[in-house]
Structure formats: structure tokens, C-alpha cells
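With my numbering as the guide, the letters of the sequence shown map in order to residues 31 to 265.
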Amino acid sequence: MMRKSPDAMIDAVQAAVAGIMSGSPGPRLLVVLGGEHTISAGVVRGLAATVAANNLVVVQIDAHADLWDEYEGSRYSHACAARRIVETCPVFQIGIRAISQEEDRFRRGRKDLRTVFSEEANAGGAAWLQELAAFVQGKDVYLTMDLDGLDPSIMPAVGTPEPDGLTWARALDVVRTVCKHAASVPAFDVVELAPIGGMRAPDFLAAKLVYKTMSLALLRSEMRVGRAGDGLQSL
Ligand SMILES: [Mn+2]
Numbered sequence: 031m032m033r034k035s036p037d038a039m040i041d042a043v044q045a046a047v048a049g050i051m052s053g054s055p056g057p058r059l060l061v062v063l064g065g066e067h068t069i070s071a072g073v074v075r076g077l078a079a080t081v082a083a084n085n086l087v088v089v090q091i092d093a094h095a096d097l098w099d100e101y102e103g104s105r106y107s108h109a110c111a112a113r114r115i116v117e118t119c120p121v122f123q124i125g126i127r128a129i130s131q132e133e134d135r136f137r138r139g140r141k142d143l144r145t146v147f148s149e150e151a152n153a154g155g156a157a158w159l160q161e162l163a164a165f166v167q168g169k170d171v172y173l174t175m176d177l178d179g180l181d182p183s184i185m186p187a188v189g190t191p192e193p194d195g196l197t198w199a200r201a202l203d204v205v206r207t208v209c210k211h212a213a214s215v216p217a218f219d220v221v222e223l224a225p226i227g228g229m230r231a232p233d234f235l236a237a238k239l240v241y242k243t244m245s246l247a248l249l250r251s252e253m254r255v256g257r258a259g260d261g262l263q264s265l
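The structure is reproduced here in C-alpha cells:
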């Protein structure tokens, strides 16, 4: 395979997503798996160009703010993922516990960016879930889940683990809130899995997160067309 620049990769992902989403019939749900978190910016651009022109918002689960404008000489490092996305649409990030001064300064100046730090995310009550519900209300939502947003005690198989992350239950709270209140969830990703040989539990967690989210996102679209039946209860 030819090695190309990260920008070329983003362009290719954007074009591929735009092609898939504007197909007829379009997919009921697009699931993107990584690998490198940078791909998410390309997916978001592809969605913005097709299904969700001015109605797209992004919900990000992550340990890292990923708001660097440039990192190690690249504007398309995984450390720049959310920065590239917020250039396209508003972002609500959850589970953050690694952020630089520069990123924090950038964050504080933005109305289209809400950061729920890990401490707040894990606190009892979780009032921010109501804020999340309001953020996604009536919107087309792209959910990007960096697995390092979960606690390394349950998800050690990531490139850059950080202590004090989300529990499994809290991560599902996020998915449920998004699927319950969004107008639609046309696509989501789960990224940054870096399997550890001989350790299977993290891989199973990643797989289960993918299919749980698929179920809830598809249930959302069934509800919209009035075919969810008893499934309504599970949201
Ligand atoms: Mn991360």
C-alpha cells in the first residue's frame, strides 16, 4: 500500500463516507472502527457533506481533549482529532482527564465545545447527562468513542491509557442518552483498540460496546418510523 499523508487519508475517508451515505438506499447505520482516532474527522466531514448538512453535532468519549491544533508536526495527529472536528460542528466531550494549557485556553473560548472532565463524569447524580440530552435534542449525532475514555481497569488495551475513566455503566448512559434524544444517529465510531496478546476481556468489551450502540442507534431509527414496539422500553 502506498504511504500517503494524513491529510490524504482524511480526504479519502471523507469521500468514502460521503459516497456510502449518499447511496440509494443509504445505510441504516454506518459503523466505523479504528485504529487511529484521526479517522473521525474525515467521517464527520463526509456526514456534514451529505446526511446532516447543518444539523450535525458530535459526542466524544475520550480520556484526552484532542484539541491540539498541531501535534508532532501534524494537524492530523490523534491529539488533534477533536480540534479538526470542532471546525465542522459543535462537540460535547466526556471523560477528559488529560489536557494541555494550550488546549484548555482554546476550549474556554468556545461556545460550541463542552468538556465534561472525568471527575464530573463519574460523580453521582451526573447532572451533565441532562445537558447532553439538550445538546443532542433534535440533532443528527455522530458518536465517537475513543476506548481510552473508559477506565484502564476495564479497558487497558489502548495506546495511551489514563487512570480514572468512565465505568461501563456510565459509558452506556452516554450512548442511551444520545440515542434517546437525538433526531438520528446515522453513524458512530469506536477507535484506538490496541489488543494485548493473551488478554481477551478488553477486546470483548470493545465488541460489546459496538453492538450495544448498534442496537440502541437502530432502535432510535425504528422509533422514528413507529416500528419499535416493545423495544421502546429499553431506551
Ligand atoms: Mn484518547
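For each residue, glycine too, the CB sits at the ideal point set by N, CA and C.
Residues near residue i by beta carbon distance below 8 Å, same chain, minus five either side
i: D181; result: P193, D194, G195, L196, T197
i: L248; result: R58, L59
Span of the alpha helix (DSSP H) around residue i
i: V166; result: 158-166
i: G76; result: 69-78
i: V47; result: 36-51
i: R284; result: Any question about residue 284 goes unanswered here, given that the chain covers just 31 to 265.
Contacts around residue i, its chain only, beta-carbon distance under 7 Å, and the 5 residues preceding and following it disregarded
i: I184; result: W198, L235
i: E117; result: none
i: A163; result: T207, H211
i: M244; result: L59, V61
Cβ-based neighbour list, residue i, same chain, cut-off 6 Å, excluding 5 preceding and 5 following
i: S52; result: T80
i: A82; result: D170
i: A95; result: I126, I129, E133
i: R250; result: C209, V215
i: L143; result: V116, V121, R137
i: K141; result: none
Residue i (DSSP reduced to helix, strand or coil)
i: G211; result: Reading off the sequence shown, one finds His at residue 211, where the question assumed Gly. Note: H211 maps to helix in three-state DSSP.
i: Y101; result: strand
i: R127; result: coil
i: D138; result: Just to set this straight, residue 138 is Arg in the shown sequence, not Asp. Looking at R138 - three-state DSSP - the assignment turns out to be helix.
i: V146; result: strand
i: V204; result: helix
i: R250; result: helix
i: E66; result: coil
Paired residues, beta bridge with residue i - DSSP
i: A217; result: L60, Y172
i: F122; result: V89, R144
i: V188; result: L223
i: H94; result: A128
i: L180; result: L196
Start-to-end residues for the beta strand (DSSP E) that takes in residue i
i: V87; result: 86-91
i: G228; result: Careful: G228 lies outside any beta strand (DSSP E) and carries neither H nor E.
Cutoff 8 Å: residue i Cβ touching any chain C Cβ
i: A46; result: Absence of chain C from the displayed structure is noted, only one protein chain being present.
Item to check | Three CB pairs or more closer than 8 Å across the stretch 43-55 and the stretch 226-233 | outcome: no
Checklist entry - Counting Cβ pairs closer than 8 Å, one from the stretch 219-229 and one from the stretch 67-80, do we hit at least three? => result yes
Checklist entry - Any chance the stretch 84-93 sits against the stretch 104-124, with 3 or more Cβ pairs inside 8 Å? => result yes
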